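The structure under discussion appears below in the form of structure tokens.
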Amino acid sequence: MKFSINPDAARYATIVSIVSAGISIVSAWSAHEAMKSNELIYRPYVVATQHFDDAENRRGIYLSNAGLGPAIIKNMTVTIGTRKYTGLGPSIWSRVQSDAGVGATRCFRTGWPRPDDPLKAGEIVPLLALSDKAPPPCVPILLKLLAMNDIAIDIQYESVHGTAFSSTRDVGLHDPDAMQIARQYDDIERRMAELLKGMDAVHAPHAASAASAAQP
């Protein structure tokens with residue numbers, strides 16, 4: 005017995021196959037576009053900024069994520085003048101303070117990310133900030149660091165989808181009043197050092213004479 009194929013049925017099956025394939029393509033494209041849209045909407049936006057906000061007790065340099073998605077920190081570089089401090093893990097701030105002529109480590113609380121550390125959306129963490137118990141003289145020391153040095157921070161980071169981003173920010177304090185205070189503090193420090201040196205020079209001969217007189 006021979007079976008005949010209905011041309012209309014074959015044509016209908018072909019149309020159904022084409023429509024199904026089209027629907028699959030459109031669905032895949034829609035899913036891809038939705039994923040791209042989510043990546044754009046929920047992308048991280050990591051920046052380094054300097055804050056002087058007494059209301060929120062933030063005074064110093066901070067790392068923040070102003071985006072809607074988490075960030076993965078891949079690398080950071082701090083540039084002060086011609087010096088560069090690169091890499092994650094061990095903190096760079098003791099070297100920065102020493103090279104910038106700011107040795108008052110008790111004034112500050114510091115932070116530095118480790119490789120692949122996450123930064124949540126909306127999170128703000130201190131990099132170099134005045135500690136909660138910092139005495140008043142620490143404020144001009146911070147001003148000296150920020151106002152008398154050109155400081156830039158470069159951040160390399162990724163989204164959770166693996167998309168790479170970067171940002172570079174100048175975090176110096178370019179304010180005439182702050183610079184004047186920093187210069188005045190620097191001048192006071194220099195005069196104090198000269199005064200102490202002069203006092204030592206005056207007392208040194210007396211100390212030597214007293215030591216000689218005390219010898220039998």
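In this note's numbering, the protein residues as written are 5 to 220. Just so you know, even glycine gets a beta-carbon here, dropped at the ideal spot from N, CA and C. If you're wondering where the values come from, they're calculated on a predicted model, not measured in any experiment.
Ala133 is bridged by DSSP to Gly64, Arg113.
DSSP, read as helix, strand or coil, puts Pro74 in coil. Per DSSP, Ser102 is not a residue of any beta strand (DSSP E); the alpha helix (DSSP H) it occupies stretches across 97-103. Between Leu123 and Ala70, the alpha-carbon positions lie close to 10 Å from each other. Pairing Asn79 with Leu67 gives a Cβ-Cβ distance that is not under 8 Å. Beta-bridge annotation (DSSP): Ile128 is paired with Ser68. For Pro144, the three-state secondary structure derived from DSSP is helix.
DSSP places Leu123 within a strand segment (E or B) once states are collapsed to three. For Ser171, the enclosing beta strand (DSSP E) has its first and last residue at 168-174.
Val175 places its beta carbon 8 Å or farther from that of Ile84. For His55, the pairing in a beta bridge is given by DSSP as Gly64. Met80 has Ile159 as its beta-bridge partners, per DSSP.
If you draw a straight line from the Cα of Arg87 to the Cα of Gly166, it is about 30 Å long.
The beta carbons of Val106 and Tyr89 sit no closer together than 8 Å.
Apart from the 5 residues on each side of it in sequence, Asp158 sits with its Cβ closer than 6 Å to the Cβ of Thr81, Thr172 in its chain, given in chain order. Listed in chain order, the non-local C-beta contacts of Leu149 below 6 Å within the same chain comprise Ala104, Val106, local neighbours out to five positions each way being set aside.
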